[in-house]
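Here's the structure we're looking at; comments come further down.
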Amino acid sequence: MKKITTKNLIYTGIFAATIVLNIFLILRCIAVEKLWLEEKELYTKKSETCKMLFIRDLELRYQKIAINSQQFNDCIRLEKFPKLVYAYSGDECNKCVFEDIFILKEKMIKYKIKDVIVLPVLEDTRNTHISLNTDLESFRYKLLDKESIIFPSSMDGSSVRFFCILDSIDNISIPFFPDKNSPERTEDYLDFVLTNFFEKNGL
Numbered sequence: 207m208k209k210i211t212t213k214n215l216i217y218t219g220i221f222a223a224t225i226v227l228n229i230f231l232i233l234r235c236i237a238v239e240k241l242w243l244e245e246k247e248l249y250t251k252k253s254e255t256c257k258m259l260f261i262r263d264l265e266l267r268y269q270k271i272a273i274n275s276q277q278f279n280d281c282i283r284l285e286k287f288p289k290l291v292y293a294y295s296g297d298e299c300n301k302c303v304f305e306d307i308f309i310l311k312e313k314m315i316k317y318k319i320k321d322v323i324v325l326p327v328l329e330d331t332r333n334t335h336i337s338l339n340t341d342l343e344s345f346r347y348k349l350l351d352k353e354s355i356i357f358p359s360s361m362d363g364s365s366v367r368f369f370c371i372l373d374s375i376d377n378i379s380i381p382f383f384p385d386k387n388s389p390e391r392t393e394d395y396l397d398f399v400l401t402n403f404f405e406k407n408g409l
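The following block contains the structure:
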């Protein structure tokens, strides 16, 4: 039987270590390539989403949007302008509206802004009033009829909720149309308008 020398053991160890290292490097390369492909796919999806949202926003901005403040100045103090308005209708999913409301509430607290009005356009029923009293307890709001607001329309004809800045003669500026899959866009919009167009502790 051939005697195993120390030298042979060293060579065997080096050989084994080389194999292990090569396997590790191969697996590492595979993992890096997989990660790169995943990031590329994610980037592509984000790019497509951004493109679609950009086109959607352009289409909505060219549509007429109007708010008649005379319909709600009897119950909400409007002496101070501008006002940030959030308007939505029964066409929107509840989850989408709740998400917008949650983000809006957080931003109002963060920036200490009170010049905000929420305008739901829903069926005027007892249950609606009960729900609004609960869902919008932190906001000034007014339940309006369909004639009070002109919403932009989506491709299927449903009304699209929006944020905007409203002045004393009902001029609308900087409209924004939230997307349920992009809450970060809503956050960015509110960060921008609340820090640039409103004073802290507004009435």
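Under my numbering, think of the first position of the sequence shown as 207, with each following residue one higher. The beta carbon of each residue, even a glycine, is placed where N, CA and C say it ideally should be. All values reported here derive from a predicted model rather than from experimental measurement.
Practice item. Tell me Ser295's beta-bridge partners as DSSP assigns them. Key: Val327
Exercise for review: Can you give me the Cβ contacts of Phe278 inside the same chain, cut-off strictly under 6 Å, excluding the 5 residues immediately before and after it?
Suggested key: Lys348
Review point. DSSP state of Arg332, grouped into three classes?
Key: helix
Practice item. Using three-state DSSP, classify Ile220 as helix, strand or coil. Key: helix
**Study point:** Among Ser379, Ser374, Thr401, Asp397, the one whose alpha carbon lies nearest that of Lys286
**Key:** Ser374
Practice item. Look at the Cβ atom of Val291, then the Cβ atom of Leu325, and state whether they are nearer than 8 Å. Key: yes
**Study point:** Status (buried if at least 16 other CB within 10 Å, exposed otherwise) for Thr392
**Key:** buried
Exercise for review: Give me the Cβ distance between Asp376 and Ser275, rounded to the nearest whole Å; I'm assuming they're in contact under 8 Å.
Suggested key: 5 Å
Practice item. Return the CA-CA distance between Pro384 and Glu265, expressed in angstroms with no decimal places. Key: 14 Å
Exercise for review: List the whole-angstrom C-beta distance separating Glu305 from Lys386, where the pair is believed to meet the contact cut-off of C-beta under 8 Å.
Suggested key: 7 Å
Check your understanding: Who does Lys289 pair with in a DSSP beta bridge?
Key -> Leu372
Point to revise | Euclidean distance between Cα positions of Leu233 and Ala222 | key: 17 Å
**Study point:** Contact with chain D by Thr331, beta-carbon distance below 8 Å
**Key:** In the structure shown, chain D cannot be found, because there is only a single protein chain.
**Study point:** Classification of Met361 by the beta-carbon crowding that lies within 10 angstroms, buried from 16 upward
**Key:** exposed
Point to revise | 8 Å contact criterion, which Ile307 and Asp341 should meet: CB distance rounded | key: 7 Å
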